[in-house]
């Protein structure tokens, strides 16, 4: 059974996620969280909706002591089974991490397909991956997750295979063989992704030699990164009120005051309890964030859990190697959804901090001020130079205007003296041009 194992379980599970399937969303509340229960249920329902599932009921269950067999208590299992039966649901989405044993036991007790938070996010990523790199990363993450669940998904694989084949050892069960095939496939995927990482590194080195600063948009999923990206670049990246609307990263050139140009990168949205498999698999993509000159952390300031979402994003940034000292700006987005009283509070809080800009990416409020702040931050290392050009050197004058900020110019008809603010490297490049 060669590479069939790489897609068999994946496709088998996806077949059970038919669009329009009726689902019950369950939140096992184990306490100790600073998140709003209703907001958390809304988020999980939104994740389910992102793959076309119809959420027919939402249930929050207080779990004081997690049960090894089912996570929730036996009485809660019975209560949940009644809800599933009454709602005629074929799917139960549990907003927690389930062990394979818990998942199998709940499926038996509820007579419905059960998926946990990690499996749900992997389903979304599997559907949204558009590039070859994205599909490689999703397949690697899914195989890593699925490897421990073979006994649940493929019970037919428990039969023994003989020892005379090229693959199977003496007495090797089919499930053991498939696990080995999965490990082999994962090793090949990692090698391919390592090649992607090297290629991306070469592209990044080429950009750094240009040199153009790189600005990375990061933030919680559905915070409005892609809407802001489209407004800043004039691009047409998918931007909908949908969790994980964008999966594959997109890079575009943008113009900024005092700069020739900059590269803006729109990255995948983060989410609380992002599966470790995905953090590892998307390391190649997220390296764009690590190598950025400036981060714009886009926050949904209208969301009740905005502060908790900020903490989740910072946690993922730390996991992928972003140092706390990296320059960053918080763009407090979705002002258009904030009521008048709350708006005053937002602006007062933002005014007390130099790294916060309130904006609405949807209608453009505050975006011009954000652009000016980004340009100021990126050009803070620029110096003031006096440069004299002949009046006929139109190309030189155009170069100074394109790469720096011309503060003043005076001409006597023969020569023009420019006071210009440039990055030291750009000043050096201009001198080399002059020598050439």
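Numbering (my numbering), first residue to last: 15 to 450.
In this text, a Cβ means the ideal position worked out from N, Cα and C, and glycines have one as well.
### Query
What's the call for residue 236, buried or exposed, on a 16-neighbour Cβ count within 10 Å?
Classification for residue 236: buried.
### Query
For residue 419, which of 315, 71, 270, 206 has the nearest alpha-carbon?
That would be 270, whose Cα lies nearest to the Cα of residue 419.
### Message
Can you list, in chain order, the residues of its chain with a C-beta nearer than 6 Å to that of residue 109? Leave out the 5 residues immediately preceding and following it.
### Response
A distance below 6 Å between beta-carbons, with the five flanking residues on each side excluded, links residue 109 to the following residues of its chain, in chain order: 41, 58, 131.
### Query
Which residue's Cα is closest to the Cα of residue 403: 45, 434, 387, 393?
The candidate whose alpha carbon is nearest that of residue 403 is 434.
### Query
Among 339, 360, 119, which residue has its Cα nearest to the Cα of residue 314?
The shortest C-alpha to C-alpha distance from residue 314 to any of 339, 360, 119 is the one to 360.
### Query
Is the number of C-beta pairs between the segment 47-67 and the segment 80-93 that are closer than 8 Å three or more?
No, they do not touch.
### Query
Excluding the five sequence neighbours on either side, which residues of its own chain have a C-beta within less than 8 Å of the C-beta of residue 352, listed in chain order?
Closer than 8 Å at Cβ, skipping near neighbours: 315, 316, 360.
### Query
What's the C-alpha gap between residue 226 and residue 195?
When only Cα atoms are considered, residue 226 and residue 195 end up about 44 Å apart.
### Query
Taking C-alpha atoms, which residue in 309, 363, 103 lies nearest to residue 233?
Considering only alpha carbons, the answer is 309.
### Query
Could you give the distance in angstroms between the alpha-carbon of residue 368 and the alpha-carbon of residue 324?
If I take the Cα positions, the gap works out to 17 Å.
### Query
Shortest alpha-carbon distance to residue 303 belongs to which of 374, 228, 112?
Closest by alpha carbon: 228.
### Task
In the DSSP assignment, find the unbroken beta strand (DSSP E) run with residue 42 in it and report its ends.
For residue 42, the enclosing beta strand (DSSP E) begins and ends at 36-43.
### Query
How would you call residue 185, buried or exposed, if buried means at least 16 neighbouring beta carbons within 10 angstroms?
Because the pLDDT of residue 185 is 46, which lies under 50, any placement of that residue in the model is unreliable, and the question is left without a value.
### Query
Under a three-way DSSP split, which group does residue 280 fall into?
DSSP places residue 280 within a strand segment (E or B) once states are collapsed to three.
### Message
Taking the beta carbon of residue 239 as the centre, do at least 16 other beta carbons fall within 10 Å, making it buried, or is it exposed?
### Response
Counting C-beta atoms within 10 angstroms of its own C-beta, residue 239 has 16 or more neighbours from the protein chains shown and is therefore classed as buried.
### Query
What number of angstroms, rounded off, separates the C-alpha of residue 13 from the C-alpha of residue 87?
An answer regarding residue 13 cannot be provided, because it is not within the stretch 15 to 450 covered by the chain.
### Query
Cα-Cα, which of 53, 350, 284, 156 is closest to residue 333?
Considering only 53, 350, 284, 156, the residue with the shortest C-alpha distance to residue 333 is 284.
### Task
Can you give me the Cβ contacts of residue 165 inside the same chain, cut-off strictly under 6 Å, excluding the 5 residues immediately before and after it?
Low local confidence applies: a pLDDT of 49 at residue 165 is under 50, so the model's placement there is unreliable, with the coordinate-based value given in what follows. Hits under 6 Å: none found.
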